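Protein chains in written order, with the working numbering: chain B, 1 to 294; chain X, 1 to 294; chain E, 1 to 294; chain R, 1 to 294.
Everything below concerns the one structure shown next.
Protein chains: 4
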Amino acid sequence: MEINGVPIEDTYAEAFPTWIARIIITAVTGDWAVRAATEATGFATSAIGCPCEAGIESTLSPDETPDGRPGVAILICASKKKLKEQVVERLAECVLTAPTTAVFDGLPSAGEKIAVKLHFFGDGYEYQKEVGGRKCWVIPIMEGEYIGEEEFGIIKGVAGGNFFVMGENQMAALMGAQAASDAIANVCGVITSFPGGIVASGSKVGSNKYKFMPASTNEKYCPTLREKVADSKVPAGIRALYEIVIDGLDEKVVGEAMKTGIKAACTVPGVKFISAGNFGGSLGPYKFELKKIL
Amino acid sequence: MEINGVPIEDTYAEAFPTWIARIIITAVTGDWAVRAATEATGFATSAIGCPCEAGIESTLSPDETPDGRPGVAILICASKKKLKEQVVERLAECVLTAPTTAVFDGLPSAGEKIAVKLHFFGDGYEYQKEVGGRKCWVIPIMEGEYIGEEEFGIIKGVAGGNFFVMGENQMAALMGAQAASDAIANVCGVITSFPGGIVASGSKVGSNKYKFMPASTNEKYCPTLREKVADSKVPAGIRALYEIVIDGLDEKVVGEAMKTGIKAACTVPGVKFISAGNFGGSLGPYKFELKKIL
Amino acid sequence: MEINGVPIEDTYAEAFPTWIARIIITAVTGDWAVRAATEATGFATSAIGCPCEAGIESTLSPDETPDGRPGVAILICASKKKLKEQVVERLAECVLTAPTTAVFDGLPSAGEKIAVKLHFFGDGYEYQKEVGGRKCWVIPIMEGEYIGEEEFGIIKGVAGGNFFVMGENQMAALMGAQAASDAIANVCGVITSFPGGIVASGSKVGSNKYKFMPASTNEKYCPTLREKVADSKVPAGIRALYEIVIDGLDEKVVGEAMKTGIKAACTVPGVKFISAGNFGGSLGPYKFELKKIL
Amino acid sequence: MEINGVPIEDTYAEAFPTWIARIIITAVTGDWAVRAATEATGFATSAIGCPCEAGIESTLSPDETPDGRPGVAILICASKKKLKEQVVERLAECVLTAPTTAVFDGLPSAGEKIAVKLHFFGDGYEYQKEVGGRKCWVIPIMEGEYIGEEEFGIIKGVAGGNFFVMGENQMAALMGAQAASDAIANVCGVITSFPGGIVASGSKVGSNKYKFMPASTNEKYCPTLREKVADSKVPAGIRALYEIVIDGLDEKVVGEAMKTGIKAACTVPGVKFISAGNFGGSLGPYKFELKKIL
Chain B
1 MEINGVPIED TYAEAFPTWI ARIIITAVTG DWAVRAATEA TGFATSAIGC
51 PCEAGIESTL SPDETPDGRP GVAILICASK KKLKEQVVER LAECVLTAPT
101 TAVFDGLPSA GEKIAVKLHF FGDGYEYQKE VGGRKCWVIP IMEGEYIGEE
151 EFGIIKGVAG GNFFVMGENQ MAALMGAQAA SDAIANVCGV ITSFPGGIVA
201 SGSKVGSNKY KFMPASTNEK YCPTLREKVA DSKVPAGIRA LYEIVIDGLD
251 EKVVGEAMKT GIKAACTVPG VKFISAGNFG GSLGPYKFEL KKIL
Chain X
1 MEINGVPIED TYAEAFPTWI ARIIITAVTG DWAVRAATEA TGFATSAIGC
51 PCEAGIESTL SPDETPDGRP GVAILICASK KKLKEQVVER LAECVLTAPT
101 TAVFDGLPSA GEKIAVKLHF FGDGYEYQKE VGGRKCWVIP IMEGEYIGEE
151 EFGIIKGVAG GNFFVMGENQ MAALMGAQAA SDAIANVCGV ITSFPGGIVA
201 SGSKVGSNKY KFMPASTNEK YCPTLREKVA DSKVPAGIRA LYEIVIDGLD
251 EKVVGEAMKT GIKAACTVPG VKFISAGNFG GSLGPYKFEL KKIL
Chain E
1 MEINGVPIED TYAEAFPTWI ARIIITAVTG DWAVRAATEA TGFATSAIGC
51 PCEAGIESTL SPDETPDGRP GVAILICASK KKLKEQVVER LAECVLTAPT
101 TAVFDGLPSA GEKIAVKLHF FGDGYEYQKE VGGRKCWVIP IMEGEYIGEE
151 EFGIIKGVAG GNFFVMGENQ MAALMGAQAA SDAIANVCGV ITSFPGGIVA
201 SGSKVGSNKY KFMPASTNEK YCPTLREKVA DSKVPAGIRA LYEIVIDGLD
251 EKVVGEAMKT GIKAACTVPG VKFISAGNFG GSLGPYKFEL KKIL
Chain R
1 MEINGVPIED TYAEAFPTWI ARIIITAVTG DWAVRAATEA TGFATSAIGC
51 PCEAGIESTL SPDETPDGRP GVAILICASK KKLKEQVVER LAECVLTAPT
101 TAVFDGLPSA GEKIAVKLHF FGDGYEYQKE VGGRKCWVIP IMEGEYIGEE
151 EFGIIKGVAG GNFFVMGENQ MAALMGAQAA SDAIANVCGV ITSFPGGIVA
201 SGSKVGSNKY KFMPASTNEK YCPTLREKVA DSKVPAGIRA LYEIVIDGLD
251 EKVVGEAMKT GIKAACTVPG VKFISAGNFG GSLGPYKFEL KKIL
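Here it is, written out as structure tokens:
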């Protein structure tokens, strides 16, 4: 299979379940919503070393938010136990503290809810108020009043949807990966949690040489080691590759994001091969076959 | 005292010691360095609820970096013990994974060092190389090779330098605070770790009503509670205020940042009062008297 | 009439016909399309002193463009005669010269067309090619090949849709205007051609004092002259106002943009009054009554 | 000669005299100054088809501007006659109309001055005021008062300093050119007037086939024509090239910018050759030999 002359490997991406909260952050302007959301979703690339995976899912126009102001929706992904703690801390430290923000549940129809009781911060001066049909708490603060919902729906979603963008050199692969990541930003329901949506250094579980390491470089995907390791997965002529990793609300949107991203990558000159990462199907319950989704 | 007709209260900011690492992140373009640095310094507004305080300190042109590429310097601030762990995790998860980044020590002359041994990630394929006079490790990864120093100087700096920007209404106070935060971005050696560099909700230690809360809204600084609480610190005619909180490498740069920020805030129409926060001098060893620094 | 407690004056905006071309600019990434479009639509705020009015109308995802790459649509508005010249010059100087761009007709079903024969630049080395069903010319250039359509539909649209955002002080009015302008950016078919989409200095035709001036400050809308001129249109308590000026493909989208912008402005604290500008109905054939459109 | 292994051709860039005005635009925040400046310097890539060449020269912190607010300096370059007209129109339409802007002369010590009498716009309500030692006019407008100087120093500077960044493929050449353009943005006294600072399509004077064309593609620099034209200047292995064109206040800063840009380009993997453009020395009085400036 080929797109724009770029071969698509006949393989699949393997992905895993994760719990996800979707939070709507609004502000006086879209810029201020983005600033709060960027801080709240920082240090959240990979559940391996970060306390959660998080990112901006979509930008919302005023007619898409409960209070009629511009906003963004963020996804926070973690185990169920960690998820509540991370939503509490990230909203309390990065959004309640940010200028003009309000916060709303982005999954109001989810069956399960977590309670994020920021209103105790009001020390008794807080009160309840309905905004856009949502039951909110109002907390007096320095800038005036913070307004926010405190119950957030959570659902079981999908983490680790992925594909590889391989290039004849590093800049071609990078621009291909950027085109993919930018295109995925238009797909609702998903995030790419790494910086710029792109992973430059993939890992394998454990380490052959350093037994104390939980993860180490995946030498089979390192172009500079192509001649040095057995079973290199780097095709001839490929000098750099990047991975796009996608978390999303369900299988459908993750597949849609993979399709959108791969098609975008294949418009960039110098992109020469597309593949995807899996562990032989032994670990993750979700399989995204490239042939099928494209 | 007045600046541009804005009264400056005769008070002082109280600040505290913190350990600080300064990391230089370079990349193929400045944009990519900023993307990695933004992720690496996210979820890091306040040491109370975040694992550290962090931010982008300055933008570096190619002739200011060891490898001749554009970059940024970030500061990571925490207790000595937490600092090492945070530098390791944030570099490993947010910078090593980001496209085209390299990492260098931003405090090479500091007496104390922390070791951040990312090279074990190379699983034996890593090797050493000198770049711009710095002893680096080269780790084969998917995009090619990651290059970075692994010893980082740390110093005892200053956290919590601050001032309040008070306005006749919320938008005036906000724009005053933004002008202040933007101006401080030009001062070397400091960061403002909150979203957009601005704090919208100040806190007091503990809570009067909810004994389980470690911190709660500082009602004396809430404009909507001005008539409801005793000893409100909100002057008549002030309807919103923001705090700018500054961490820096030493007292001198923090004082310089406060001066620069206050002067900038006072150029914005509708800014009506400047003050600063302290705990009566009982807690922090550093005092920044507004009269003196201005 | 009131929105969020902000009075809406019972008046109307008066607008005029203009010829409009809609050009789709694509590039390897959205950033590069925006850079080319920003240059191509610069120096184009008002037909009074600029050669045309122009702006970015919308951002296009890869599945919305003929070549499957990210893009933007721009509108260029002028008299019929000037329009062709401006489209030629702006595409030739600002888009053909920009990295990785391609250009497509954004009004393919328009009855009238203008021809923009950039292919002569190819000096005989150019050739024709179909891209996404569009008949394009390919021109060899330094970066490789430029691809573009050369027939562009033009239609008679509407220029000068407008409203005023008035605030209790300058920063409130400015943030209200920015919220309005940002919200209008989500409406398809319209542009706001001034910097940031906002006009800070409205004008009247001619001048009372300087007979050689074709236009001068509209003193009736100057807050600092409220007590000095007869018939000031500045309500009591208003210390600053901004005008949002909208050009669009037809009456419907201009009215939609006005509605969207006014609603957004009224969410900003300190915005106190909304009005619109007209010349008594004597000049422009289009009238947008605020009551009706809201 | 080589930099980072990239061969630098032993040639020179040929450049021309131009008249230049340098205008300082300040605003309540740096963002607003940039928005006004971007509009004012748009449609200004090349004097061939645009009314002038213009761009943002540098960003100014509050302590570098007459009114203590953040700002930018722009350069406007044209023939002496066109320069005055362009400064008048661009300030009147794109800066006076923009929120919160003020304007100051950026070449106060220049011997020659042009007068830009915007104050007639005040229709008699204008008055004079000193700001930061500058004699300004204050004009009542909708947002309050516009403040600006009206005498601007102009000097004879240099237009058309240039170099070529050539790559093994398009994305490598593009990223090399972007690294160059970004680095040049740190050099004071110069602009790169094309979108993103980069030229994708170089031209020769006239046309061989179409006699009515004043300029056409420079086929000797087209990689796709390398085998089809005699005397191609495209080295073997080069599949794309970009030109960086620099205008500046004097020979020294243009040479400095060329050096800074070339060094930056040579840090990007896949950049394979650096050259410069000239007309055999017959046209321009300025010669920048690459060997000498590097």
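All C-beta atoms in this analysis are idealised placements derived from N, C-alpha and C, irrespective of residue type, glycine included.
If you're wondering where the values come from, they're calculated on a predicted model, not measured in any experiment.
Proximity below 7 Å, CB of residue i to CB of residue j
| i | j | result |
| --- | --- | --- |
| Val190/B | Ala177/B | no |
| Leu107/E | Arg22/E | yes |
| Ile76/X | Val87/X | yes |
| Cys52/E | Ala36/E | no |
| Leu96/B | Leu118/B | yes |
| Val131/R | Ile114/R | no |
| Pro62/B | Ala183/E | yes |
| Ala159/E | Thr18/E | yes |
| Ile238/R | Pro223/R | yes |
| Ala240/E | Gly144/R | yes |
| Val299/B | Tyr125/B | Only positions 1 to 294 of chain B appear in the structure, and residue 299/B is not among them; the question remains open. |
Nearest-angstrom beta carbon gap, residue j and residue i [assumed within contact, 8 Å]
| i | j | result |
| --- | --- | --- |
| Leu174/E | Pro7/R | Not a contact, Cβ separation roughly 52 Å. |
| Asn169/E | Glu168/X | 6 Å |
| Ala33/X | Gly71/X | 5 Å |
| Lys287/X | Glu14/X | 6 Å |
| Ser275/R | Thr11/R | 6 Å |
| Ile262/B | Phe194/B | About 17 Å separates the two Cβ atoms, so there is no contact after all. |
Residue i (DSSP reduced to helix, strand or coil)
| i | result |
| --- | --- |
| Phe121/X | helix |
| Ala47/E | coil |
| Ile76/X | strand |
| Lys209/E | coil |
| Arg22/B | strand |
| Thr100/X | coil |
| Ala215/E | strand |
| Ser275/X | strand |
| Arg35/E | helix |
| Glu149/R | coil |
Buried or exposed by the 16-neighbour rule on C-beta atoms within 10 Å, applied to residue i
| i | result |
| --- | --- |
| Ala172/X | buried |
| Phe212/B | exposed |
| Phe279/B | exposed |
| Gly295/R | This structure cannot settle anything about residue 295/R, because the visible part of chain R is limited to 1 through 294. |
| Lys135/E | exposed |
| Pro285/E | exposed |
| Asn208/B | exposed |
| Ser201/R | buried |
| Cys266/X | buried |
- Select from the segment 258–284 of chain X all residues with a C-beta closer than 8 Å to any C-beta belonging to chain E, and list them in chain order. Val268, Pro269, Gly270
- What are the residues of the segment 35–67 of chain E that lie near chain B, defined by any Cβ-Cβ distance shorter than 8 Å? Per Cβ criterion, the list reads Ser61, Pro62, Asp63, Asp67.
- Query: When Cβ atoms are compared, which residues of the segment 233–249 of chain B fall closer than 8 Å to chain X?
  - Reply: Of all residues in the segment 233–249 of chain B, the ones placed with a Cβ closer than 8 Å to any Cβ belonging to chain X are Arg239, Ala240, Leu241, Tyr242, Glu243, in chain order.
- Query: Just by C-beta distance, which residues in the segment 173–193 of chain E are closer than 7 Å to chain B?
  - Reply: Met175, Gln178, Ala179, Asp182, Ala183, Asn186
- Using a Cβ-Cβ cut-off of less than 7 Å, give me the residues of the segment 205–220 of chain X that come near chain B, in sequence order. Ser207, Asn208, Lys209, Tyr210, Met213, Ser216, Thr217, Glu219
- Between the segment 146–172 of chain B and chain R, which residues of the former have CB atoms less than 9 Å from a CB of the latter, in chain order? Gly167, Glu168, Asn169, Gln170, Met171, Ala172
- Query: Quick one, which residues of the segment 123–145 of chain X are near chain B if we go by CB-CB under 8 Å, in chain order?
  - Reply: Asp123, Gly124, Tyr125, Ile139, Pro140, Ile141, Met142, Glu143, Gly144, Glu145
- Message: Using a Cβ-Cβ cutoff of 7 Å, what residues of the segment 10–36 of chain B are near chain E? List them in chain order.
- Response: Val28, Thr29, Gly30
- Short-range partners of chain R found in the segment 71–82 of chain E, where Cβ spacing is below 9 Å: For the segment 71–82 of chain E, the set of residues with a beta-carbon nearer than 9 Å to any beta-carbon of chain R is empty.
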